[in-house]
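Numbering (UniProt numbering), first residue to last: 1 to 246.
To start, the structure under review is shown below, and the notes come after it.
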Amino acid sequence: MLPIPAEELNGSGTLGPYWTFYRAVAAEQLTRWLPSQPSVILDLSGGRGRWSGQASRAGHRVIEVLDFRRTVDAQSRLRDADRVRHVRADDLSFLPDESVDAVLAEERAMSVELMAESAMSDVARVLRPGGRALVCVDSLVLGMAILAEQGQWQHLRQTGEVMLVPWPDGSITRCFSSGQLRELLAGTGLEVEWMRPRTVLSPSTVDHVLSSDARALSYLVRTELDAHPDDDDTVGIHLVASARKR
């Protein structure tokens, strides 16, 4: 899969069909991952309401940690208010040990959080034994694509180290190889169940198929999720991993 230009990464560019596909893959992935029984889920995905809303509609109680830097859609908060508790906090000190069944760290949460080791240790602390975490991070493929666009060629060889990439808006993202993400999770005592790129189908493939038949979206999603490119960090802009607390 070719790297996606940085201007496309927020979904505002020309790759509309691909982002429709991407969001459908992420939603189906979460549906398959969520606990089968009603559970308490901690959502660290940035306060947009999308992930907590999906989890709450599946019958779970959700604690959503809101991002101070973002406004929150009031309608989504009201719609899911009976099952979603919103908390504004800088860390997880408000939660006792082993108090939640699952943790969502979508929306590149651990890439935006540069002290990811500390944040993941907190995640492991609040998880009950047997509890699970779903984590999405920026990949080295994405990091190298952004650095190449910026002409930062001297940094492209440093893939064995922590890769911190400046974005045009002034923010910094931390990009991971599959080995680095595995090390991050294992370092907090979590056992990796699986790890894969979020998508391996290229934007051009998705665009070609959907332009021929818009009804093919469900077929593309099934094709994507039935693929098993475990630990393959040579494709895809994001890596996704599921880990369990021993």
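Ideal Cβ placement from N, Cα and C applies to all residues, glycine included.
Note that the structure is a prediction, hence the values are computed from the model and not measured.
Reducing DSSP to helix, strand and coil, say where residue i ends up.
i      : result
Trp100 : The identity of residue 100 in the sequence shown is Val, whereas the question assumes Trp. Of the three classes helix, strand and coil, the one that applies to Val100 here is strand, per DSSP.
Met163 : strand
Ala89  : coil
Arg198 : coil
Val235 : coil
Leu34  : coil
Ala227 : coil
Glu183 : helix
Gly53  : helix
Leu147 : helix
Pro129 : strand
Leu78  : Low per-residue confidence applies at Leu78: pLDDT is 49, beneath 50, and the placement is therefore not dependable enough to give any value.
Leu114 : coil
Leu217 : helix
Any idea which residues DSSP pairs residue i with across the strands?
i      : result
Glu191 : Arg244
Pro139 : First, the amino acid is wrong: residue 139 is Ser here, not Pro. Beta-bridge pairing links Ser139 to Phe176.
Asp43  : Glu64 and Leu104
Leu134 : Leu104 and Ser242
Leu206 : Position check: residue 206 holds Val in this sequence, whereas Leu was assumed. DSSP, once it has assigned bridges, lists no residue as partnering Val206.
Val123 : DSSP output for Val123 lists no bridge partner at all.
Val25  : Partner(s): none; Val25 has no beta bridge.
Report all residues from its chain with a CB closer than 7 angstroms to the CB of residue i; omit the five preceding and five following residues, and keep chain order.
i      : result
Glu193 : Ser242, Ala243 and Arg244
Tyr18  : Pro203, Val206 and Asp207
Thinking residue i and residue j are a contact (beta carbons under 8 angstroms), I'd like their distance in whole angstroms, please.
i      : j      : result
Gly131 : Ala102 : 6 angstroms
Val100 : Val126 : 5 angstroms
Ser56  : Val62  : 5 angstroms
Keeping to the same chain, check which residues put their C-beta closer than 8 angstroms to that of residue i; ignore five residues upstream and five downstream.
i      : result
Glu117 : Leu184, Gly187 and Thr188
Gln150 : Pro166
Met129 : Just to set this straight, residue 129 is Pro in the shown sequence, not Met. These residues qualify, in order along the chain: Glu98, Lys245 and Arg246.
Cutting at 6 angstroms between CB atoms, please list the residues of its own chain near residue i, excluding the five before and the five after it.
i      : result
Leu104 : Asp43, Ser45, Trp51 and Leu134
Contact between the region 177-186 and the region 199-219: three or more CB pairs below 8 angstroms? No: the two stretches stay apart, fewer than three of their Cβ pairs being nearer than 8 angstroms.
Decide if the region 233-241 is in contact with the region 133-149; the criterion is three or more beta carbon pairs, one per stretch, under 8 angstroms apart. Counting Cβ pairs under 8 angstroms, three or more are found: they touch.
Tell me whether the region 217-231 and the region 38-51 touch, counting them as touching only if at least three CB pairs, one residue from each stretch, are closer than 8 angstroms. The region 217-231 and the region 38-51 do not touch, with fewer than 3 CB-CB distances between them shorter than 8 angstroms.
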